[in-house]
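Below is one structure; the comments refer to it alone.
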Ligand code: NAD
Ligand code: ZN
């Protein structure tokens, strides 16, 4: 669609809200790397440990507020055709007021039963019981998020691909670009002749193809728009 904007966000946009990124400082919990916890293998081996980490992250996110960058994107939605595709699971875009948000990796407040497959929202924080049990069948719950090595829901991914191919401007904010298939989207946008703009204090693989790289924090970089 003419004049359409897609914004791909990653953990970096929520860093200024006090939520640690996976690859930056302060992201470590009890000396575990996120790659050792956010996997189906880690959950199968030790669901209690993985849930303790999620409980810690849920408490951080519950206390956090959307920052200027989330707010500016929500403001932009009132003036232009813009969709946010986020890798984040924290729900801060919606809390800032963005309506058109595609969550590629799910949401930390949703849970899924490993026994009966029921999926629902569970907001209680801290969790009264770890690991939490399904309210329908008593089975073991898991976070309804996409872990490393797991496929993305097909409908969500195809919508993201479609919007990316059609947009005129593709804005990438606060992602290392190392997690796939999300990291592929800026390349797909470029192939389809969109202008690619990156906001990130660090250089990333996306910098190679970006038409403009803004080496600033999300809130500062977005003010230029
Ligand atoms: P990442 O941790 O791999 O990379 C974060 C990127 O953000 C880095 O490139 C860093 O330079 C940049 N950054 C740091 N501070 C910034 C700021 N103030 N403004 C702009 N950029 C900043 O994150 P990723 O690429 O999103 O991949 C990790 C995976 O884990 C994703 O699925 C991600 O969403 C998930 N995750 C989510 C959250 C969350 O929901 N808030 C937090 C951590 C990780
Ligand atoms: Zn169940």
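Numbering (the numbering used here), first residue to last: 1468 to 1692.
Here a beta-carbon is modelled for each residue, glycine too, at the ideal position from N, C-alpha and C.
Using only the heavy atoms of the ligand NAD, determine whether one of them is closer than 8 Å to the beta carbon of residue i.
i	result
residue 1489	yes
residue 1572	yes
residue 1582	no
residue 1578	no
residue 1684	yes
residue 1529	no
residue 1592	no
residue 1557	yes
residue 1551	no
residue 1616	no
residue 1676	no
Thinking residue i and residue j are a contact (beta carbons under 8 Å), I'd like their distance in whole angstroms, please.
i	j	result
residue 1592	residue 1525	5 Å
residue 1677	residue 1665	4 Å
residue 1599	residue 1578	7 Å
residue 1619	residue 1613	6 Å
residue 1580	residue 1608	6 Å
residue 1509	residue 1517	5 Å
Around the Cβ of residue i, are there at least 16 other Cβ atoms within 10 angstroms (buried) or fewer (exposed)?
i	result
residue 1523	exposed
residue 1604	exposed
residue 1641	buried
residue 1570	buried
residue 1537	buried
residue 1484	buried
residue 1470	exposed
residue 1644	buried
Within the same chain, show all residues whose beta-carbon is closer than 6 Å to that of residue i, passing over the 5 residues directly before and after it, in chain order.
i	result
residue 1693	Nothing about residue 1693 can be read from this structure; the chain reaches only from 1468 to 1692.
residue 1501	1489
residue 1679	1664
For a quick check, are the C-beta atoms of residue i and residue j less than 9 Å apart?
i	j	result
residue 1691	residue 1661	no
residue 1506	residue 1554	no
residue 1646	residue 1673	no
residue 1534	residue 1685	yes
residue 1540	residue 1473	no
Taking 8 Å as the line, does the beta carbon of residue i fall inside it for any heavy atom of the ligand ZN?
i	result
residue 1585	yes
Might you give, ordered along the chain, the residues of its own chain that have their beta carbon closer than 7 Å to the beta carbon of residue i, omitting 5 neighbours on each side?
i	result
residue 1632	1655, 1659
residue 1544	1565, 1566, 1567
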